[in-house]
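Read the structure below first, then the notes.
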Amino acid sequence: MAAPGPSLPPDDVVAEILARLPARSIGRFRAVCRAWNDITSRPIADSVLARRPAAVTAILKGSSWLELGDEPHPVDIVRFDRFRGRWHPDVHRTPPCPRAVSLDDMTISTEDFRSWDGVLCTRVFPRKPQPGDGAGYMLWNPLTDSCAVVFAPAGHGRIIGGYAHPVTGRFHLIHSSDVAVSGDRDLVAPITVRILGVGDSAGWREVPLPPAMAAGCSESETTTISMRGERDHSVNLHGNLHWLVQPGSGKVALLAFDTVREKFRFIAAPDRPGLDLTTARSRVVPGGKLCVLALTKEQPRAAMEVWVLDDYSDSRSWRLRETARLDRTHLSPSAGSSRTVSGARCGAG
Numbered sequence: 001m002a003a004p005g006p007s008l009p010p011d012d013v014v015a016e017i018l019a020r021l022p023a024r025s026i027g028r029f030r031a032v033c034r035a036w037n038d039i040t041s042r043p044i045a046d047s048v049l050a051r052r053p054a055a056v057t058a059i060l061k062g063s064s065w066l067e068l069g070d071e072p073h074p075v076d077i078v079r080f081d082r083f084r085g086r087w088h089p090d091v092h093r094t095p096p097c098p099r100a101v102s103l104d105d106m107t108i109s110t111e112d113f114r115s116w117d118g119v120l121c122t123r124v125f126p127r128k129p130q131p132g133d134g135a136g137y138m139l140w141n142p143l144t145d146s147c148a149v150v151f152a153p154a155g156h157g158r159i160i161g162g163y164a165h166p167v168t169g170r171f172h173l174i175h176s177s178d179v180a181v182s183g184d185r186d187l188v189a190p191i192t193v194r195i196l197g198v199g200d201s202a203g204w205r206e207v208p209l210p211p212a213m214a215a216g217c218s219e220s221e222t223t224t225i226s227m228r229g230e231r232d233h234s235v236n237l238h239g240n241l242h243w244l245v246q247p248g249s250g251k252v253a254l255l256a257f258d259t260v261r262e263k264f265r266f267i268a269a270p271d272r273p274g275l276d277l278t279t280a281r282s283r284v285v286p287g288g289k290l291c292v293l294a295l296t297k298e299q300p301r302a303a304m305e306v307w308v309l310d311d312y313s314d315s316r317s318w319r320l321r322e323t324a325r326l327d328r329t330h331l332s333p334s335a336g337s338s339r340t341v342s343g344a345r346c347g348a349g
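Read left to right, the sequence shown gives residues 1 to 349 (UniProt numbering).
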């Protein structure tokens, strides 16, 4: 009777081991065989790797010429290199770890780089555009060296977010077709929002936005939702993406997208008079709490307030954590009137 073979550790243990390897070693691990590649491609491995400290990196673009027949053709090359500063434990003997991607028939933009869950996204432009071509986006995972080009829906719009699905691990993009807000060139009003699972044959799927009334607007008010334009960045926390928006003409709120249920809802922002959508920013602070940075215009000196949502399940738990004047004078929470306030109630959607 043959002796039983050695038992393999469970996937979560393997994922924890991988999380302790350098990034380039993980890439080599995936290349060994299909079974090893399958282990590192599962959602549990993605979730463990996402907890690793962010590495400082450089993204560099160069141009080269490709000889095709007797004619040279220009080629854009984007290089992704982990930074090796003087604090690197062995900077003199550790070789660089470059990753590069090139597209022969497209120009790669370096002005529109975004990064979500380890995937870089940027605009690409065909060298010989055809009538009716939509905007193209290159998605590149430097760790696995996988690359894809997807095209946005026809018409005006922009990519407003991206994420790896918490269950399947498939990467998704969120696209908004929007129009300019009259009287404010920094704001746009999303009309149609669609999501795309990269590699999914179903293509772009529309996801309805919540009505402005769900954020407390009256039926007589405008039903549009205003948000910042190209420079807006989504914030990922607890499996949801967040944007600061202004429903109708009411108070500023947070628009949250549940990446599992694929559903939008409103979350109340700090109930602070004068909270301005064009200057406020949302972030995630250490400790995993949602944060809103707000500029005050009160005289004699303007200041920045840092508001933290202590309990994500309760939008009434916003707390003014600290205040700093723009002349670099730091105000303690007590000097800045630190307090816990109730947010304007929003429907759960």
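Glycine residues also receive a C-beta, built at the ideal position from the N, C-alpha and C atoms.
Run of the beta strand (DSSP E) containing residue i, from where it starts to where it stops
i	result
Arg194	184-197
His175	171-181
Trp116	114-116
Ser226	225-228
Thr107	106-108
Classification of residue i by the beta-carbon crowding that lies within 10 angstroms, buried from 16 upward
i	result
Glu206	exposed
Ile160	buried
Thr168	exposed
Asp105	exposed
Ser315	buried
Ala154	exposed
Leu326	exposed
Ser176	buried
Phe257	buried
Lys251	buried
Asp12	exposed
Val285	exposed
Ser182	exposed
Ala121	One detail in the question is off: residue 121 reads as Cys in this sequence, not Ala. Label assigned to Cys121: buried.
Arg127	exposed
Residue span of the alpha helix (DSSP H) that contains residue i, given as start and end
i	result
Arg34	34-40
Leu18	11-18
Residue i versus the options, residue with shortest Cα-Cα distance
i	options	result
Ala15	Arg319, Arg42, Val285	Arg42
Asn240	Lys289, Pro270, Trp36	Lys289
Cys147	Pro270, Leu254, Gly197, Met138	Met138
Gln246	Leu237, Ile267, Pro208	Ile267
Val149	Phe171, Pro131, His156, Gly157	Phe171
Ser313	Pro9, His238, Gln130	His238
Val123	Arg228, Ser109, Pro131, Ile225	The question names Val, but residue 123 in the sequence shown is Arg. The shortest C-alpha separation from Arg123 is found at Ser109.
Pro211	Asp276, Gly248, Pro270	Gly248
Ile174	Pro129, Arg194, Val188, Ala303	Arg194
Leu209	Ala324, Val32, Asp178, Arg185	Asp178
Met304	Asp200, His242, Pro9, Asp276	Asp276
Asp200	Thr224, Phe151, Arg228	Phe151
Pro166	Trp307, Thr259, Asp311	Thr259
Thr296	Thr279, Pro9, Leu254, Leu255	Thr279
Leu320	Val188, Arg272, Ala253	Arg272
Arg281	Trp243, Ala135, Ala302, Phe113	Trp243
Pro270	Cys33, Pro129, Trp307	Trp307
Exercise. Identify every run of the beta strand (DSSP E) within the UniProt domain "F-box associated beta-propeller type 1" (231-319), keeping only runs that are complete inside it and at least 3 residues long; order them along the chain.
Key: The UniProt domain "F-box associated beta-propeller type 1" (231-319) contains these whole beta strand (DSSP E) runs: 235-237, 240-247, 253-258, 263-268, 281-285, 289-296, 303-309.
Margin query: Whether or not the segment 249-269 and the segment 130-148 are in contact is what I'm after, with contact meaning three or more pairs of Cβ atoms, one per stretch, closer than 8 angstroms; do they touch?
Written below: Flag = no, the segment 130-148 and the segment 249-269 do not touch.
#### Entry: In chain order, each beta strand (DSSP E) run of at least 3 residues that lies wholly inside the segment 122-160
Entirely contained in the segment 122-160, the beta strand (DSSP E) runs reaching 3 residues are, in chain order, 136-141, 146-151.
* Is it a yes or a no for the segment 114-121 touching the segment 158-173, going by three-plus beta-carbon pairs under 8 angstroms? -> Taking 8 angstroms as the limit for Cβ pairs, the verdict is that the segment 158-173 does touch the segment 114-121.
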